[in-house]
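J.: Questions regarding the structure given below will be posed in turn.
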Amino acid sequence: MRRLAAALLLAVLASPAGASAERWRPDVAGAAAWAAQRQGTVTFAVRTGDRLRGRGLDRQFPSASVIKAMLMVTYLRQRDVRDRALNEGDRALLAPMIRRSDNVAATRIRDIVGNAAVARLAEAAGMSRFRIHPIWGLSLITARDQTRFFLTIEDLLPDRHRAYALRLLRRIVPRQRWGMARVIPERWTLHFKGGWGSGTGAVDHQVGLLRRDEHRVAIAVLTVGSPSHAYGKATLRGVARRLVRGLAPERTGTAGHSEGAIAAAARRPRP
1 MRRLAAALLL AVLASPAGAS AERWRPDVAG AAAWAAQRQG TVTFAVRTGD RLRGRGLDRQ
61 FPSASVIKAM LMVTYLRQRD VRDRALNEGD RALLAPMIRR SDNVAATRIR DIVGNAAVAR
121 LAEAAGMSRF RIHPIWGLSL ITARDQTRFF LTIEDLLPDR HRAYALRLLR RIVPRQRWGM
181 ARVIPERWTL HFKGGWGSGT GAVDHQVGLL RRDEHRVAIA VLTVGSPSHA YGKATLRGVA
241 RRLVRGLAPE RTGTAGHSEG AIAAAARRPR P
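Quick note: the sequence shown, position 251, residue 251 per our numbering, numbers continuous.
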């Protein structure tokens with residue numbers, strides 16, 4: 001009997017494409033309905049190793065500070081950086097740019113790496129509609145491309161600097177932990193970057209990677225035209241809450257979604 005039970009367990013765990021993997025689906029319909037009733041334009045994407053779902057996946061928006069995650073990865077991939085220890089100068093640029101979204105540090109890093117290197121990173125990540133701009137915050141991004149980038153960010157980062165980069169994306173300062181950062185499912189860790197701007201065509205964006213053991217889910221929510229930053233943050237939170245519904249353990253209210261089903265659906269892709 002024990003052998004039979006063990007065999008059945010192994011069969012479930014070894015079959016990410018099996019019936020159990022079908023049980024967890026992000027609530028795309030709920031997120032789309034929420035987005036449709038919000039002011040402004042809202043697009044989003046949710047991506048696992050074998051599935052992509054969303055709304056307005058290829059609509060381009062100015063990146064604002066979301067691009068800073070790409071700037072960090074580009075910097076760390078440089079030939080004279082990727083295989084050496086980071087020094088105080090490196091950390092003095094990277095940490096403020098990511099953790100508190102420092103614009104001066106971002107401009108300095110962009111000037112060091114150059115726009116062509118950022119475009120090459122986008123190509124390496126398979127981002128087909130990314131367009132770099134001389135003013136980095138006006139570079140164009142899409143929800144599809146950003147989830148592709150974040151889902152593979154661990155493989156794009158050099159081995160030596162992977163843990164440091166992920167730690168920065170995990171430790172965004174408290175005052176910028178709004179939107180999706182408010183709805184992190186239990187037992188998952190969020191690595192993310194936000195972008196926002198005021199005035200005509202104001203944007204409020206967030207892109208993130210949820211990790212739990214070897215499992216990964218990437219989410220991008222991009223908005224333009226919110227009447228205020230507070231309103232935009234509420235839009236981001238509402239969309240993200242619906243997309244991650246069902247990722248928490250059963251005891252938090254996800255009846256019908258077993259641990260095995262959730263894990264299989266979100267298994268980390270391999271390069």
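Just so it is clear, CB atoms sit at the ideal spot from N, CA and C, and this is done for glycine as well.
1) Can you pull the DSSP bridge partners for residue 297?
2) Which residue spans inside the stretch 66 to 112 form an unbroken alpha helix (DSSP H) run of at least 4?
3) In three-state DSSP terms, what is residue 194?
4) Going straight from the alpha carbon of residue 230 to that of residue 194, what length do you get?
5) Specify, as a first and last residue, the run of the alpha helix (DSSP H) that residue 149 falls within.
6) Which same chain residues end up closer than 6 Å to residue 113 when comparing Cβ atoms and leaving out the 5 residues on each side of it in sequence?
7) For residue 224 and residue 87, what's the separation of their Cα atoms in angstroms?
8) Between residue 55 and chain D, is any beta-carbon pair separated by less than 8 Å?
9) Determine the closest residue to residue 168 out of 214, 35, 240, 90, with distance taken between C-alpha atoms.
10) So, for residue 124: in the same chain, excluding its five sequence neighbours on each side, which residues have a beta-carbon less than 8 Å away from its beta-carbon?
11) Check whether the stretch 134 to 154 and the stretch 43 to 56 touch, using three or more Cβ-Cβ pairs below 8 Å as the test.
12) Taking just the CA atoms, how far does residue 175 sit from residue 235?
13) Tell whether a beta-carbon distance below 8 Å holds between residue 99 and residue 71.
14) Out of curiosity, what's the CA-to-CA distance linking residue 237 and residue 247?
15) Less than 8 Å between the C-beta atoms of residue 140 and residue 62, yes or no?
16) Give a single yes or no on whether residue 90 has its beta carbon closer than 7 Å to a heavy atom of the ligand GDP.
17) So, under 8 Å CB-CB, residue 233 and residue 179 are touching, yes? Tell me the CB distance rounded to an integer number of Å.
18) What first and last residue would you give for the beta strand (DSSP E) that runs through residue 30?
19) Among the residues of its own chain, which have a CB less than 8 Å from the CB of residue 170, if the five just before and after it don't count?
20) Let me make sure I understand the geometry here. Which of 105, 81, 136 has the alpha-carbon closest to that of residue 92?
21) DSSP has residue 321 in a bridge; who is on the other side?
22) Just the C-alpha distance for residue 35 and residue 42, rounded to the nearest angstrom, thanks.
23) Which one of 154, 39, 119 has the shortest CA to CA distance from residue 218?
24) Just verifying my parser: in three-state terms, what is the DSSP assignment at residue 204?
25) For residue 133, count neighbouring Cβ atoms within 10 angstroms of its own Cβ and tell me buried if that reaches 16, exposed if not.
26) Counting C-beta neighbours from all protein chains within 10 Å, is the total for residue 183 16 or more, i.e. buried, or is it exposed?
27) Going by the beta-carbon positions, is the gap between residue 226 and residue 39 smaller than 8 Å?
28) According to the Cβ coordinates, are residue 207 and residue 130 closer than 8 Å?
29) If you measure between the beta carbons of residue 31 and residue 173, is that distance less than 8 Å?
T.: Walking through what the data contain:
1) The requested residue 297 does not occur in the structure, where the chain is confined to residues 1 to 271.
2) 68 to 76, 88 to 99
3) strand
4) 14 Å
5) Where residue 149 is concerned, the enclosing alpha helix (DSSP H) stretches over 143 to 151.
6) 74, 75
7) 38 Å
8) In the displayed structure, chain D is absent; only one protein chain is listed.
9) Among 214, 35, 240, 90, the Cα nearest to that of residue 168 is on 90.
10) 156
11) Short answer: they touch.
12) Rounded to whole angstroms, residue 235 to residue 175 spans 17 Å at the Cα level.
13) no
14) Looking at the two C-alpha atoms, the distance is approximately 16 Å.
15) yes
16) Although the ligand GDP was asked about, the structure shown includes no ligands whatsoever.
17) In this structure, residue 233 and residue 179 form a Cβ contact; the two beta carbons are roughly 5 Å apart against a cut-off of 8 Å.
18) Per DSSP, residue 30 belongs to no beta strand (DSSP E); it is in the alpha helix (DSSP H), 28 to 36.
19) 189, 190, 191
20) Comparing Cα positions, the closest option is 105.
21) An answer regarding residue 321 cannot be provided, because it is not within the stretch 1 to 271 covered by the chain.
22) Cα to Cα, residue 35 sits roughly 6 Å from residue 42.
23) 154
24) strand
25) In this structure residue 133 is exposed. Its beta-carbon is surrounded by fewer than 16 other beta-carbon atoms within 10 angstroms.
26) buried
27) yes
28) Contact: no.
29) no
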